[in-house]
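This report concerns only the one structure given below.
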Amino acid sequence: MLDSRLVRLEELVNQLEAKVPDGSDSSDAVYTKDVVFSNQAIRPTDNIKGLIARDFWQAISQEVSGLRDILEGSDGEEYDQEPEPVVRSIPYNYGSVATLFDQGMRPIDIPELELPTEGIRTMLLRIYQDRVDKVVKVLHLDTTLDAIKRNHADGKNGVQFPAIQALEFAIYFMAICSITDSEANTMMLGDRRSLIQQYRYATETLISIADLFRNPDLAVLQAFVIYLTGLRACRNIEAMWVLTAVAARVAIARGLGPSDSNNWQPHNLEIRRRLWFGIGILDTNAALERGSIPMLHWEEFQRPPLNINDSDLTSTPIIKIPSCEVTDMSFSCMAYEAMVCHKKICSPPVGPGGPFSEWNKKLRIIADFEDSMRQYSWIDESAKPFERFIRFMAEAIALHMQLLLRRPPYKNKNNPVPPWDDFDLMEVITSLLQKSLQQQAEDVYANWTWLEYPKWYILAILLVELCSCKAVDFSDRAYSVAQAAFDQYAPLMSEIDSGMFWRPIAKLMQRVQILRGVAVPAGFHHQSMGGIEEVEFFNTSKAKNILDSSSFSNQAPVANNQMPPAITIDTGSVSINEFARGSENDPVTDDGMAWINWDLFLTDLGGSAYIL
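full-length UniProt numbering puts the first residue of the sequence shown at 1, with every later residue one more than the last.
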């Protein structure tokens with residue numbers, strides 16, 4: 001059998017050599033990677049000479065002769081034994097995509113790329129399914145798992161698709177990012193930090209080999225988006241923020257977005273929309289966590305994926321589940337709505353108008369979003385943990401939109417807060433921040449704590465409000481919550497951004513302590529969260545929950561013909577250093593200075609604060 005195949009191979013080599021007798025037309029040998037793309041067929045070229053190196057025929061003839069020598073000298077050895085697993089070394093230089101990643105920090109001796117054992121693979125896939133796929137839907141998991149299995153089977157025959165390999169390792173990387181150090185030890189996986197480094201390098205390498213920039217297979221882009229989600233979970237916000245722009249560019253080049261054609265099969269179209277909206281979520285998260293404006297406009301996200309179960313995606317026609325049921329896409333669809341709402345709030349005003357011309361419009365946007373979030377109000381404490389998590393996040397995000405409108409994390413001269421706005425920021429922020437701290441401490445939500453990030457932005461708003469507050473009774477509770485959040489976020493933020501965001505917040509905390517007559521201890525250490533009363537975010541036994549409370553938008557929009565005269569806010573040239581020290585004549589900031597104080601805080605952020 002092998003002998004006949006070898007004879008055929010020799011005949012093919014001789015025929016090709018006869019067709020191209022001289023391979024010397026190519027002045028230099030062309031390096032080609034041994035890559036087979038999952039949806040690309042190998043096509044013959046008319047210019048074979050230009051693609052074949054000078055010494056190609058000599059080398060291939062030697063290889064064929066070597067095969068015959070081995071075959072004839074085998075003395076009847078068995079060839080039907082199971083082949084040894086092929087171990088391939090990671091190439092150090094693998095194209096332009098590698099420039100995206102931090103190669104300078106890689107070890108000199110890059111470890112060989114090996115698949116984890118079947119038991120570890122099964123465990124990591126289950127972690128991804130339970131913790132990640134429920135909240136980040138950029139693929140159809142069953143389809144992806146089938147593709148990975150086929151790729152393993154093809155690998156035994158010497159052919160593997162790099163795009164699927166990249167997606168597989170991105171899933172493993174993300175799964176490890178979603179667990180804690182103690183969980184990794186309990187699961188017998190090993191040291192989590194070492195595993196993160198190992199799987200991150202492997203994922204980056206495979207994304208580079210699969211050629212993210214040129215490979216039309218969406219599996220590569222899916223791998224890249226999951227990889228970016230892992231960076232965010234590991235608090236590498238700066239890299240995620242920068243590389244999200246690359247993901248958006250690659251997606252647009254692949255035809256994703258508003259121009260995506262409806263000619264795709266329903267299954268493929270849904271996958272493409274999930275991937276595009278997943279990039280939009282990354283864009284929003286990056287903007288919030290870096291204090292910047294979103295890169296992508298809300299008009300590019302007008303056709304969201306369907307709110308259906310993955311099992312329904314294979315049916316024809318696709319059946320849309322009523323919104324009163326929790327589906328595999330419920331959390332993601334909620335996040336899509338929040339992403340679009342955030343982008344609308346951040347949009348600059350269109351056309352001429354006064355400084356408050358957009359205010360009513362944006363209040364209506366938030367009111368509509370709140371109405372949509374009420375569809376989750378039927379979920380009670382007897383529901384499953386994930387369903388309760390959806391309800392909690394729906395409420396928290398709705399309140400977050402109110403904060404973004406009134407205290408955006410960037411300078412926004414085109415949309416100042418009107419003087420008649422009476423929204424109680426301090427009360428809402430205190431409840432929101434306190435519940436967030438409690439939620440992170442509850443085991444029932446442990447599977448999704450990786451999704452949270454240090455809410456430095458919300459803490460900063462609360463500290464600014466405390467600098468302007470004279471109501472001591474309520475500010476005592478607010479200060480306790482702010483102090484607890486400060487203690488929890490300080491080590492995380494100092495590690496994330498080397499203090500770029502944290503130093504101004506520390507100055508605000510010092511200012512608050514001075515105003516409250518609290519001695520600033522050495523080393524700026526604070527008490528723990530102990531002693532903070534638990535807050536009811538919403539309780540179905542009450543007639544009035546948070547979705548219906550006064551902390552939501554309950555003010556009627558002001559008619560255009562009743563708009564007060566335009567007011568220009570001038571913050572002056574006072575730095576936050578001067579603000580933190582306070583004034584000898586007026587140690588307590590006036591009640592009406594909260595907006596100006598927030599602007600001073602953004603000024604102290606320096607280059608991280610955008611001006612819209």
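Positions of the beta carbon are idealized from the N, C-alpha and C atoms, including for glycine.
Residue i vs residue j beta-carbon contact at 8 angstroms
i      : j      : result
Tyr172 : Tyr199 : yes
Leu433 : Ala485 : yes
Arg388 : Ile397 : no
Val225 : Leu145 : no
Leu228 : Ala251 : no
Pro168 : Ile148 : Inspection of the sequence shows that residue 168 is occupied by Glu rather than by Pro. A contact, by the Cβ cut-off of 8 angstroms.
Asn447 : Arg131 : yes
Ile271 : Ser330 : no
Pro385 : Tyr445 : yes
Ile345 : Glu289 : no
Met426 : Trp456 : no
Ala441 : Leu462 : no
Arg192 : Ile179 : yes
Gly278 : Val428 : no
Leu231 : Leu100 : no
Assumed close pair residue i, residue j - CB separation to whole angstroms, cut-off 8 angstroms
i      : j      : result
Ala166 : Leu206 : 4 angstroms
Thr430 : Val481 : 5 angstroms
Arg364 : Trp598 : 24 angstroms between Cβ atoms; not a contact.
Lys362 : Leu405 : 6 angstroms
Leu403 : Ile458 : 7 angstroms
Leu212 : Val97  : 5 angstroms
Leu306 : Ala248 : With a Cβ gap of about 22 angstroms, Leu306 and Ala248 do not count as contacting.
Met393 : Met339 : Their Cβ separation, rounded to whole angstroms, is 13 angstroms, which puts Met393 and Met339 out of contact at 8 angstroms.
Leu141 : Gln129 : 6 angstroms
Trp241 : Ala286 : 4 angstroms
Helix, strand or coil at residue i [DSSP, three-state]
i           : result
Thr603      : helix
Lys411      : strand
Asn14       : helix
Ile171      : helix
Arg131      : helix
Thr203      : helix
Met509      : helix
Arg374      : helix
Cys324      : coil
Tyr453      : coil
Arg303      : coil
Lys435      : helix
Phe297      : The residue you asked about is not Phe; residue 297 is His in the sequence shown. Correct three-state label for His297: coil.
residue 639 : This structure does not reach residue 639, given that the chain is present from 1 up to 612, and the question cannot be answered.
Met329      : coil
His152      : helix
Phe423      : coil
Gly119      : helix
Ile308      : coil
Phe369      : helix
Residue i burial status per 10 Å Cβ neighbour count (16 or more: buried)
i           : result
Val350      : exposed
Phe601      : buried
Asn262      : exposed
Gly190      : exposed
residue 616 : The structure shown does not extend to residue 616, since the chain is modelled only from 1 through 612, so no value can be given for it.
Trp420      : exposed
Gln302      : exposed
Asp133      : buried
Cys234      : buried
Asn268      : exposed
Ser468      : buried
Pro162      : buried
His400      : buried
Pro294      : buried
Cys341      : buried
Gln160      : buried
Gln265      : exposed
Met188      : exposed
Lys435      : buried
Glu370      : buried
Asp328      : buried
Asn14       : exposed
Glu299      : exposed
Residue i: CB within 7 angstroms of a non-hydrogen atom of the ligand NAP
i      : result
Trp450 : This structure lacks the ligand NAP, and indeed carries no ligand of any kind.
Complete runs of the alpha helix (DSSP H) confined to the stretch 230–280 [at least 4 residues]: Runs of the alpha helix (DSSP H) inside the stretch 230–280: 237–253.
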